[in-house]
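Count along the sequence shown from 1, then add 3; that gives the number in the working numbering. Even glycine gets a Cβ: it sits at the ideal position worked out from N, Cα and C. Worksheet for the structure shown next.
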Amino acid sequence: MASLPPPAAGTRHAGTESTPIRRNPAGNVARPMVQKLPEPQDIAACLEVTTFDTPPFYSTSSQSFRNTVEGYSAPEGTYDPVVRSLHNLAHLFLNGTGGTTHLSPNDPIFVLLHTFTDAIFDEWLRRHPAAVYPLENAPIGHNRDYNMVPFWPPITNAEMFVTAPENLGYSYEADWPSRPVTLTEIITIAVVAALIVVAVIFAITTCAVRSKTYKMDGRQPLLGEQYQRYDDHDRHSDKTQSVV
């Protein structure tokens, strides 16, 4: 095999004598957005999107898990034509073979990236078991009962819309990031905690007051001073009784 030409400054490549694989991670200075990789919180936010896909079932769909994990929407699901996130952002970060659509499968990172994307999809299916695949109006080949192209033997999209371990014979081991707590949730938790503290203090105070009252009632004589005592009556009788 002929030796490869030296890579350009800031790039790395490997491959055959005629088609080197090129990478220049974070080297696209013209697009600052793609100079970083997706963050764990982006994955956590993506997993919170509740609907698999929404009209028009395309790269302009909003609140669509499919469009979000693909990277055409913000991680929270909102479509933005400027945004590139998750799967797309990882491709564009490579800034070379892996960032060029028709060449990206030549970069070995392609396999790792798409495997991890599939792991995210599998985890999403687990968290949203009631999710449904679009029945109609999706692009050609993407309706629920259409065969996936170009795979053989034919298999429909619905048949692959299942969790992997129970249906496809493989599984992933991943520590999924937890979703960050929002300000609204923090306020709600604080209010509930405060109400619980107030309720506990009220209960303790009520019990203390009742206990003190019970003890005071227990020390009072059965007969008050307004009632004549038996011994007083006896003494009075002794004074008035005649002596025989």
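Around the beta carbon of ARG26, 16 or more other beta carbons lie within 10 angstroms, which makes this residue buried. Shown here, ARG26 sits in a strand according to DSSP, grouped into three states. Going by beta carbons, TRP179 and LEU92 fall outside the 8 Å limit.
DSSP places THR187 in the helix class (H, G or I) of the three-state scheme.
In this structure, the beta-carbon distance from TYR136 to PHE55 falls below 8 Å. The residue among PRO23, PRO168, ILE189 and PHE96 with its C-alpha nearest the C-alpha of GLU42 is PHE96. From the listed residues THR216, THR100, SER107 and SER174, the smallest Cα separation to ILE123 is found for SER174.
The C-beta of GLY172 has fewer than 16 other C-beta atoms within 10 Å across all chains shown, which makes the residue exposed.
Straight across, the Cα-Cα distance linking PHE205 with ILE189 is about 24 Å. Sequence-distant Cβ neighbours of ASN31 in its own chain, meaning closer than 6 Å and more than five residues away, are VAL37 and ASN98.
Using a C-beta cut-off of 8 Å, the segment 71–84 makes no contact with the segment 109–116, since fewer than three inter-stretch Cβ pairs fall below that distance.
Taking 8 Å as the cut-off, the Cβ atoms of THR120 and HIS145 do not count as close. Around ARG182, the same chain offers ALA47, ALA48 and GLU51 as residues with beta carbons nearer than 7 Å, after the five sequence neighbours per side are excluded. For the alpha helix (DSSP H) assignment, the uninterrupted runs of no fewer than 4 residues enclosed by the segment 68–115 are, from N- to C-terminal side, 68–73 and 89–97. The beta carbons of ASP110 and THR166 sit about 29 Å from each other, so the pair does not count as a contact at 8 Å. Nearest in C-alpha terms to GLY101, of all of PRO23, ALA197 and ILE143, is PRO23.
The Cβ atoms of PHE68 and PRO142 lie no closer than 8 Å to each other.
Around the CB of TYR75, 16 or more other CB atoms lie within 10 Å, so the residue is classed as buried.
Taking a 10 Å sphere around the C-beta of SER88, we find 16 or more other C-beta atoms and assign the residue as buried. With contacts defined as CB atoms closer than 8 Å, MET151 and ASN160 qualify as a contacting pair. Following the DSSP letters along the chain, one finds ASP45 inside the alpha helix (DSSP H) bounded by residues 43–51. Taking a contact as a CB-CB distance under 8 Å, the pair THR57 and GLN44 does not count as one, their CB atoms being some 23 Å apart.
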